[in-house]
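Going by our numbering, the sequence shown opens with residue 2, and the numbers climb by one from there.
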Amino acid sequence: MSSILEILKNNFDASFFKTSKEDLLKYGKDWTNFIPPNPLIIIFPKTIFDVQKIVQLANEHHFVLVPSGGRTGLSAGAVAAQNEVVVSMDKMDKILSFNELEQTIQVEAGVITENIKKIAEENNLIFPIDFASKGSSQIGGNIATNAGGIQVVKYGLIRNWVTGLKVVTGRGEILELNQGLIKNATGYDLRHLFIGSEGTLGFIVEATLQFISPPKNKQVILFGHPNIEAVIKTMSTFRKKIDFLAFEFFSDSCVDYVMEHTQVDTPLPQRFPYYSILEFESNDGKNNDIVFQLYQELYQEKIILDDAFGSDSISIKKIWGYRENISASISSFSPYKNDLSVTISNIHLFLLEIEKVVVNHYPLFKILWYGHIADGNLHLNIIKSNDISISEFEKKCKEVNILIFEIVQKYKGSISAEHGVGLLKKSYLEYSKSQEEIFYMKMIKNIFDPNHIMNKGKIFDA
Ligand code: S2G
Ligand code: ZN
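Below, the structure written as C-alpha cells:
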C-alpha cells in the first residue's frame with residue numbers, strides 16, 4: 002500500500018489528496034450503512050487529464066479505483082471497503098456551456114444535480130430528473146446509476162436526457178460519446194453502456210444534458226386509500242384519461258416519521274392505510290374537469306376516501322413533502338432497504354405476496370412501503386424493532402431477502418429498480434439477470450477495464 006501512496010504522491014502534489022481519518026471515513030462511503038469504509042487515500046483530480054493519469058497509474062501498478070461523486074448511493078456502489086483509492090469528482094464541478102438553441106448544458110461530472118436544475122429554470126426550462134437527494138448528488142453519479150426519481154412516468158430515466166458523454170475508460174482512453182447529437186445511427190451507442198455502469202467501465206467526466214420546456218400550471222392532489230388495490234385502481238383509472246406528470250404512493254407507516262422529522266400535521270384530517278399523489282398539468286382546466294369527474298366516481302366506490310388539492314407552490318410543496326421527505330425522515334433509523342420493480346400489471350399481487358412474507362418473518366418490525374408505483378417501482382424499507390441489535394437485524398433481513406427475491410424472480414421483476422447493484426445487491430443479481438447476461442456483462446467489463454481497476458467487486462466479481 003505504501004508503494005501506491007508513493008506512486009500517487011510522485012505524480013500529484015499534496016493539494017490533490019485527503020488522508021485524515023475523518024476524510025477517509027467520509028469519502029470512503031455513500032448513504033449505505035452496512036459496510037465499513039476502508040479506503041487507502043482520497044484523490045481529487047482537477048481535469049480529465051488528471052483522471053486519465055490516475056487510471057494509467059492504476060493499470061501500470063495494479064491498484065483499484067473507486068469513483069466517488071455526491072456519495073448518495075444506496076447500494077454501496079461508492080464504498081471503498083478494500084483499501085482502494087477513492088477518486089472524488091468534487092473538484093471537477095464546472096458548468097462548461099449552455100446552448101440556448103439546442104437547450105442543452107455541458108457540465109463536468111462533479112456538478113451538483115440541483116445546480117443543473119436551477120440553470121434550466123433560469124432559462125425557463127427544466128431538467129426533468131427529480132429526486133430527494135438532488136441537493137447533494139452529483140450528475141456523474143446520477144448518470145453512473147441511471148437515476149430516476151418521481152417524474153420517470155412522464156420523462157423517463159436520466160438515460161433519456163444525456164445527449165453526450167465524455168468518459169475515461171478503464172484502459173485510460175478518453176472517449177467522446179455521441180457529442181450531443183439527437184440522431185446518430187453509426188453502430189453501437191457506447192454512451193448507453195456507461196449510463197448505469199456504476200463506475201465499473203471507466204469514469205464519467207463530462208456530460209451534455211438536454212433541457213425541456215416546463216409543464217404549465219401543475220396541479221397536485223393527495224388521496225387517502227383503504228388498501229393497495231385502491232391505489233392501483235386509482236392509478237390505472239387516471240392513466241386511461243390523462244397524461245399525468247407523476248403518480249407516487251406511500252403507506253401510512255411512513256407518515257409518522259415524516260411528521261416527526263419535518264414537524265408537519267397529518268396529510269388528511271383522518272389517517273388512511275395508503276396515500277397516493279397525482280401530479281398533472283391543468284391544460285386550461287380540461288384535466289381538472291376530467292380528474293374531478295373520475296375522483297367523484299372513485300370516491301363513490303370508496304377507492305378514494307379523502308383528498309387534499311394543491312395548485313399553488315406552497316400547497317404543492319407541502320403535499321410532495323409527505324412523499325419526498327420519507328427517505329430523509331427514516332435514514333437515522335438505519336432502514337433495511339429493498340428497491341424492487343415488476344411490470345405494472347403485476348404490482349398488486351406482487352406487493353401483497355411480499356407483504357405476507359415480510360409480516361410473517363418480521364412481526365415486530367415496521368414495514369414502510371413507498372415509491373414510484375406508476376413505474377412498477379416499490380421501495381420496501383424495514384425499520385428495526387428495539388429488541389435486537391443492528392447485526393441481528395441485518396442478518397434477519399438478509400434471510401428474508403431470499404424469500405423476497407424468489408417472489409421478484411417469479412414475477413420476472415428487478416432486485417434493484419433504480420438504486421443499482423453495487424455491493425449490497427451483488428449476491429442476488431441472479432434473481433434478475435440470467436447466467437448468460439452476466440457472462441456478457443463480464444465480457445464487456447473486460448473490454449473496457451481489462452485489469453479490473455475500475456470499482457472492482459461492484460455489480461459482480463469479474
Ligand atoms: C425515493 C430515495 C432513496 C430511498 O424516495 O424514491 O429512491 O430512501 C428513493 O429509497
Ligand atoms: Zn425512488
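Virtual Cβ for every residue (Gly too), placed ideally from N, Cα, C.
What first and last residue would you give for the alpha helix (DSSP H) that runs through residue i?
i: SER333; result: Careful: SER333 lies outside any alpha helix (DSSP H) and carries neither H nor E.
i: GLN107; result: That residue, GLN107, is in no alpha helix (DSSP H); its beta strand (DSSP E) goes 105–109.
i: LEU25; result: 22–28
i: TRP32; result: Per DSSP, TRP32 belongs to no alpha helix (DSSP H) and is neither H nor E.
i: ASP313; result: Per DSSP, ASP313 belongs to no alpha helix (DSSP H) and is neither H nor E.
i: GLU354; result: 348–362
i: LEU295; result: 287–301
i: LYS404; result: The question names Lys, yet the displayed sequence has Leu at residue 404. Start and end: 391–411.
i: ILE44; result: From DSSP, ILE44 is part of no alpha helix (DSSP H) but of the beta strand (DSSP E) over 42–44.
i: LEU142; result: Here residue 142 turns out to be Gly, not Leu, going by the sequence shown. Note, GLY142: alpha helix (DSSP H), 140–145.
i: ALA121; result: 114–123
i: ASN1; result: This structure does not reach residue 1, given that the chain is present from 2 up to 463, and the question cannot be answered.
i: LEU194; result: 192–195
i: PHE449; result: 436–449
i: TYR432; result: No alpha helix (DSSP H) contains TYR432, which DSSP labels as neither H nor E.
i: TYR156; result: 153–156
Bridge partners of residue i, per DSSP?
i: LYS219; result: GLU282
i: THR170; result: GLY203
i: VAL67; result: VAL87
i: SER98; result: GLN107
i: MET455; result: LEU66
i: SER277; result: PHE224, PHE250
i: GLU532; result: What the structure shows of the chain is the stretch from 2 to 463, and residue 532 is not part of that stretch, so it cannot be assessed.
i: ALA208; result: VAL108, LEU166
i: GLN416; result: Per the sequence shown, the amino acid found at residue 416 is Ile instead of Gln. ILE416 is not bridged to any residue.
i: PHE18; result: ILE44
i: ILE345; result: In DSSP, ILE345 forms no bridge with anything.
i: ILE229; result: BP columns for ILE229 are empty, so no partner.
i: ILE127; result: ILE213
Can you give the beta carbon distance from residue i to residue j, rounded, assuming they're within the 8 Å contact cut?
i: VAL256; j: TYR323; result: 7 Å
i: VAL206; j: VAL169; result: 6 Å
i: TYR275; j: HIS226; result: 4 Å
i: GLU249; j: GLY149; result: Not confirmed; about 12 Å, so no contact.
i: PHE13; j: LEU202; result: The Cβ separation is near 24 Å, so there is no contact.
i: ALA247; j: LYS319; result: Contact flag wrong, Cβ pair sits at about 16 Å.
i: LEU41; j: GLU85; result: 6 Å
i: MET442; j: GLY200; result: About 14 Å separates the two Cβ atoms, so there is no contact after all.
i: GLY414; j: VAL360; result: With 8 Å as the limit, GLY414 and VAL360 do not qualify as a contact, their Cβ atoms being about 20 Å apart.
i: ILE403; j: PHE351; result: About 16 Å separates the two Cβ atoms, so there is no contact after all.
i: GLY29; j: VAL108; result: Not a contact, Cβ separation roughly 25 Å.
Is residue i near residue j, with beta carbons less than 8 Å apart?
i: SER435; j: LYS426; result: no
i: GLY173; j: VAL56; result: yes
i: GLY70; j: MET90; result: yes
i: TYR429; j: PHE406; result: yes
i: ILE331; j: ILE384; result: yes
i: VAL292; j: ILE345; result: no
i: ILE159; j: ILE144; result: yes
i: GLY78; j: LYS411; result: no
i: GLY165; j: ALA208; result: yes
i: ILE117; j: PHE99; result: no
i: LEU223; j: PHE273; result: no
i: LEU379; j: LEU353; result: no
i: ASN326; j: HIS262; result: yes
i: GLY111; j: GLN139; result: yes
i: GLY181; j: THR114; result: no
i: PHE18; j: ILE43; result: yes
i: SER76; j: HIS420; result: yes
i: GLN220; j: SER283; result: yes
i: PRO46; j: MET2; result: no
i: SER335; j: ASN39; result: no
i: LEU9; j: LEU66; result: no
i: SER214; j: LEU102; result: no
Determine the extent of the beta strand (DSSP E) in which residue i is found, giving its start and end residues.
i: ASP340; result: 337–342
i: LYS367; result: 367–373
i: LEU379; result: 378–384
i: SER3; result: Careful: SER3 lies outside any beta strand (DSSP E), inside the alpha helix (DSSP H) at 3–12.
i: ALA247; result: 247–252
i: ILE305; result: Unbroken run through ILE305: none, as it is neither H nor E.
Would the beta-carbon of residue i be found less than 7 Å away from any heavy atom of the ligand NAP?
i: SER428; result: No copy of the ligand NAP appears in this structure; the ligands present are the ligand S2G and the ligand ZN.
What residues sit near the ligand ZN, counting only those whose C-beta is closer than 6 Å to one of its heavy atoms, in chain order?
GLY372, HIS373, HIS380, GLU419
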